[in-house]
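Quick note on full-length UniProt numbering: the sequence shown kicks off at 1 and runs consecutively. Beta carbons are placed, not taken as given, at the ideal position from N, Cα and C, and that holds for glycine.
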Amino acid sequence: MEVMDSVAVMEVSPVPDPPFIDATPPKPPLEAALALRRSARCLNRARRPSYVEQEEPKETGGRRRGGKRKRDEEKQEPAAQEAMKPVRKPMPVWPRGEPSLERKPMSVIAAEPVSCAAFAGPAAEDDVLGNGKSAKLRVKETLRAFNSHYLHLVQEEQKRAQAALQEIGAKGGQKRPSKRPDLKAITKMQESNAVLYPEKRIGHLPGIDVGDQFYSRAEMVILGIHSHWLNGIDYMGMKYQGKLNGEYANLTFPLATCIVMSGIYEDDLDKADEIIYTGQGGNDLLGNHRQIGSQQLQRGNLALKNSKDNGNPVRVIRGHISKNSYTGKVYTYDGLYKVVDDWVQNGVQGHVVFKYKLKRLEGQPSLTTSEVRFTRAEAPTTISELPGLVCDDISGGQENLPIPATNLVDDPPVPPTGFVYSKSLKIPKGIKIPSNCNGCDCEGDCASNKNCSCAQRNGSDLPYVSHKDIGRLVEPKAVVFECGANCSCNCNCVNRTSQKGLQYRLEVFKTASKGWGVRTWDTILPGAPICEYTGVLRRTEEVDGLLQNNYIFDIDCLQTMKGLDGREKRAGSDMHLPSLHVENDSDAPPAPEYCIDAGSIGNFARFINHSCQPNLFVQCVLSSHNDVKLAKVTLFAADTILPLQELSYDYGYRLDSVVGPDGNFVKLPCFCGAPDCRKRLY
C-alpha cells in the first residue's frame, strides 16, 4: 500500500451501497427515497461560520457543506416542539424605594427574601434584537471577534518577542517586557465599537446565562458583564445618575453592578449562597494577597454600600484555577446577589477593610460553583463507568485516544454499526494525489524562521499560533497550507497542527432526536483542530445516483475561494494557485469535482450533527500539493467548547433545495435547539 499525503491508497469497488447492518431501525419509505447528498444541485450555499461573525443564512441562499448526514432523525412530539418556542417574560420591576442613608434592619431582609424572577425579564425580553439576531448569538459573535483579535495579537507578540530576543543576543541587555495581547484586543474592540454592552446595566444581561463561563477577564470586558480587567468591583459612576430616561433617578450613586470573587483578598469568605466580600484597595498587587494598607470608602467600596441602601442586585462572578484555560483561570457567572449588610473592621493584617455580606436571590438556576472549588458537571474519568456504554472504542485503537460510544435511548441499546472505522482518507487507484509541492528548509519549528517558504504560501505568516503548547488556527482561511512530507521541519512544527491526530477525549452518544452525536470531555479552545473528515475519495459523478448514502461531503474549496454560490470569500481567497486554470474562471458555478464518501468507511466525523449555531467550522487544508479540488476537509473549533457539549457544524442547506422523486420539495425539521434555529434543515 502506497502512502501519499497522509492518506491510504486502496482498491475500492465501484461505489457499492453502504452495508448498514443492524445500525438503525428501518427508515420511513419517504426518507429512503430522498436524494439528500451535498451536491452541486443545492446551489447558493450559505457562507461558512467564522470567528468574527455568523449571519443567519437567508431562506433564499445556502447549500449544505456538511457531510451527508444520517437521516434517522426521530419525529419530535408536538409538545416538545411547543416547548422549544421562546417564552417572553414581563419586564422587571425591582424595588427602589426612597433613597435613605439609614441602614435597613437585617430582620426585614431575612423576613422578605427577594426572588430573582423580577430580574429575569431583561434577558428574555431583549432576546431577539432589532437586527434579527438573538442575544445569545450576539454574545457568541462578540467572543469570536475577540478571539480573532487575540490570536492575531498573540502571533504579533511572539514575532516581536523573537525579534527582541535576537536583538538582546546580538547586543546584550535586559529582556523587554512582554505585551498583553488580551488587553490590546480589548482596545481594538473598544475602538471599533464592538463591545456588546458598552453601557453598564443592573441585573442580568441578555444572552448571558447563569453558569456561563469566561476564560479571561478580557472576555468579560468585551461583553460588558464586568467592565474592568483588573478591579474586582464594577460600578456605575455619577454620570449615570441623570441618564437612562430617569430609570435610576431615585438611586444614590455610585452603584455596584458586578463583583468578581477570585481569591485576591485573604479576608473573603464564600459560602456559595452567602458571601462575605472584602472591599477593594490596600492589598499587595504582587500576588501574595496580603493587605498592606487601609481601604477608603470611595469608588467600588462606596458603590457596594449604596447598593445595599438602594436594594439593587449585583452580579457575582467566581474565578477558579483551571489548567484548561489559556489564562490559568476560568470565570463563572453565578447570578444575582443582594448586599444585605456592610461594616468596617480591622483585617487579618491589622489594616482597615470594608466588608459586605451578599445573599443570592431566589428563583435562579442552581450554582455551578461552590466556595473556592469549581464543581461544574465533569466528564467521567474512566470509560468503564460510562452509563449506557455499548463500545469501548469505535476506532479500534486507531486514534491517539479511545472514543467510547454510549446509548441510553434504544432498548436494547445497540452500538453504531454498518461502517469500517478509518482515521485516514482512502484513495482509489483511479485517483492520483499529486505530491509535487516544494517543502520548506526550516530546522525545528517553522515559527522560528521568518523566511519560511510555507509561511509565504499562506500569505506571509503561518496560519497557526502555538500558545501554551496548544496549536490554534488564527482565523478561518480559504485554504491552509501546512508543512508536508517534503518539508525539513520536525513533526512538532506548529504548521503541522492538524496532522497530530486526535487531541481531545470524545464520546459518540445516541441522541433522542438526531441519531448519533459527538461530544467532548475536554475544554476545546477556538481555532483548535478537531479532525479530518475521512472516508473514500470519489468523483462526484460516481455518486450522483446514490439515494441512501447520507455521508457524502463535497470538496468545494475552489467554490469558496472564488466566492461562488453565495459564499463569502475568506482570507487568502485571492492568492494564485496552480489549480485555478482559465477554464475554471467562468461565471457559471462549477460543481465540485471530488467528494468524500463516508457511507461505509470513515471516522467519528460522520456522526457530528448539524446546528444552526455551530461550534465548529470547515477548513480546507493542503500540505504536499496545491490542488484545492483535492484538499483535506478538516473541522476546527469556532468557539470555546466546554466539557460535555455536543460538537456541531452547519450543513449549509438552502431551504427548499431538496426535491423528492415526485418533484416536490422535501422539508426536514431541524432539532438542533439553537436560539436562532431555522426550524428546518432544508
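Practice prompt. Decide if residue 343 is buried, meaning its Cβ has at least 16 other Cβ atoms within 10 Å, or exposed.
Written response: Exposed, since its Cβ has fewer than 16 Cβ neighbours within 10 Å.
Practice prompt. Write down every uninterrupted run of the alpha helix (DSSP H) in the UniProt domain "YDG" (203-360) whose length is 4 residues or greater and which is fully enclosed by it, in chain order.
Written response: Here the runs fully enclosed are 217-223 and 299-310.
Practice prompt. State buried or exposed for residue 334, treating a residue as buried only when at least 16 other CB atoms are found within 10 Å of its CB.
Written response: Its Cβ being crowded by 16 or more others within 10 Å, residue 334 is buried.
Worksheet entry | 4-residue-minimum alpha helix (DSSP H) runs that sit fully inside the segment 584-631, ordered along the chain | Counting only runs of 4 or more residues that sit fully inside the segment 584-631, no alpha helix (DSSP H) segment turns up.
Practice prompt. Go ahead and pull the three-state DSSP assignment for residue 409.
Written response: Looking at residue 409 - three-state DSSP - the assignment turns out to be coil, as it is neither helix nor strand.
Discussion item. Can you tell me where the beta strand (DSSP E) holding residue 382 begins and where it ends?
Written reply: Run containing residue 382: none; DSSP gives neither H nor E here.
Worksheet item: Name the DSSP beta bridge partners of residue 516, please?
Response: The partner list for residue 516 (beta bridge, DSSP) reads 510.
Fill in: Limits of the alpha helix (DSSP H) - the one that residue 529 falls within
Unbroken run through residue 529 is the beta strand (DSSP E), 529-532; no alpha helix (DSSP H).
Item to complete: Report the rounded CA-to-CA distance for residue 192 versus residue 396, giving the unit in angstroms.
Response: So the two alpha carbons sit approximately 50 Å from each other.
Discussion item. I need the boundaries of the alpha helix (DSSP H) containing residue 183, first residue and last residue.
Written reply: Here the alpha helix (DSSP H) through residue 183 covers 181-191.
Item to complete: Taking the CB atoms as reference points, tell me whether residue 555 and residue 647 lie closer together than 9 Å.
Response: No, the pair does not count as a contact, with Cβ atoms beyond the cut-off.
Item to complete: Output the distance between the C-alpha atoms of residue 355 and residue 276, rounded to the nearest integer angstrom.
Response: Distance between the alpha carbons of residue 355 and residue 276 is about 7 Å.
Worksheet item: What residue range is occupied by the uninterrupted beta strand (DSSP E) comprising residue 391?
Response: In this chain, the beta strand (DSSP E) harbouring residue 391 covers 389-391.
Item to complete: Confirm, please, whether the CB-CB distance from residue 316 to residue 703 is below 9 Å.
Response: The question about residue 703 has no answer, for the chain in this structure spans 1 to 682.
Worksheet entry | Nonlocal neighbours in the same chain, by C-beta distance under 7 Å from residue 633, ignoring five residues either side | So the list reads 532, 533, 553, 555, 596, 618 and 620, once near-sequence residues are dropped.
Worksheet item: Around the C-beta of residue 307, are 16 or more other C-beta atoms found within 10 angstroms, so that it is buried, or is it exposed?
Response: Burial call: buried.
Practice prompt. Report the option in 682, 680, 195 and 675 whose CA atom is closest to the CA atom of residue 133.
Written response: Just measuring C-alpha positions, the residue of 682, 680, 195 and 675 sitting nearest residue 133 is 675.
Fill in: Contacts around residue 195, its chain only, beta-carbon distance under 7 Å, and the 5 residues preceding and following it disregarded
Within the same chain, and ignoring the five residues on either side of residue 195 in sequence, the residues whose Cβ sits closer than 7 Å to its Cβ are 189, 222 and 224.
Discussion item. Mapping the DSSP letters down to three states, classify residue 634 as helix, strand or coil.
Written reply: Residue state, collapsed to three classes: strand.
Worksheet entry | Secondary structure of residue 538, DSSP reduced to three states | Correct three-state label for residue 538: strand.
Discussion item. In this structure, how does DSSP classify residue 649 when only helix, strand and coil are distinguished?
Written reply: Shown here, residue 649 sits in a strand according to DSSP, grouped into three states.
Item to complete: Could you tell me the distance, in whole angstroms, from the CA atom of residue 502 to the CA atom of residue 645?
Response: Cα to Cα, residue 502 sits roughly 17 Å from residue 645.
Item to complete: Could you round the C-beta distance between residue 146 and residue 249 to whole angstroms and report it? I think they count as a contact, below 8 Å.
Response: Not confirmed; about 34 Å, so no contact.
Practice prompt. Out of 628, 352 and 418, point me to the one whose CA is closest to residue 437's CA.
Written response: Ranked by Cα distance from residue 437, the first of 628, 352 and 418 is 628.
Fill in: Status (buried if at least 16 other CB within 10 Å, exposed otherwise) for residue 348
Sixteen is the threshold: since fewer than 16 other Cβ atoms of the shown chains lie within 10 Å of the Cβ of residue 348, the residue is exposed.
Worksheet item: What is the residue span of the alpha helix (DSSP H) that residue 498 lies within?
Response: For residue 498, there is no enclosing alpha helix (DSSP H), as DSSP gives it neither H nor E.
Worksheet entry | Any C-beta of chain C under 9 Å from that of residue 182 | The structure shown contains no chain C; it is built from a single protein chain.
Fill in: Residue of 215, 273, 301 and 313 minimising C-alpha distance to residue 323
For the options 215, 273, 301 and 313, the alpha carbon positioned closest to that of residue 323 is the one of 215.
Worksheet item: Taking all protein chains shown into account, do 16 or more other C-beta atoms lie within 10 angstroms of the C-beta of residue 623, making it buried, or fewer, making it exposed?
Response: Residue 623 should be labelled buried.
Practice prompt. Can you grab the Cα-Cα spacing for the pair residue 665 / residue 682, in whole Å?
Written response: Approximately 9 Å between the Cα atoms of the pair.
Worksheet item: If residue 466 sits next to residue 420, beta carbons under 8 Å apart, how far is it from one beta carbon to the other, in whole angstroms?
Response: About 34 Å; that fails the 8 Å criterion.
Worksheet item: Taking DSSP as the reference, what is the three-state secondary structure of residue 135?
Response: Residue state, collapsed to three classes: helix.
Item to complete: Mark residue 527 as exposed unless 16 or more other C-beta atoms lie within 10 angstroms of its C-beta, in which case mark it buried.
Response: That one is buried.
Item to complete: Taking only the alpha-carbon atoms, compute the straight-line gap between residue 300 and residue 480 and give it to the nearest angstrom.
Response: C-alpha separation (whole angstroms): 48 Å.
Worksheet item: Between 662, 606 and 325, which lies nearest to residue 524 when the distance is taken from Cα to Cα?
Response: Among 662, 606 and 325, the Cα nearest to that of residue 524 belongs to 325.
Discussion item. Tell me the residue span of the alpha helix (DSSP H) that contains residue 558.
Written reply: Per DSSP, the unbroken alpha helix (DSSP H) holding residue 558 starts and ends at 557-561.
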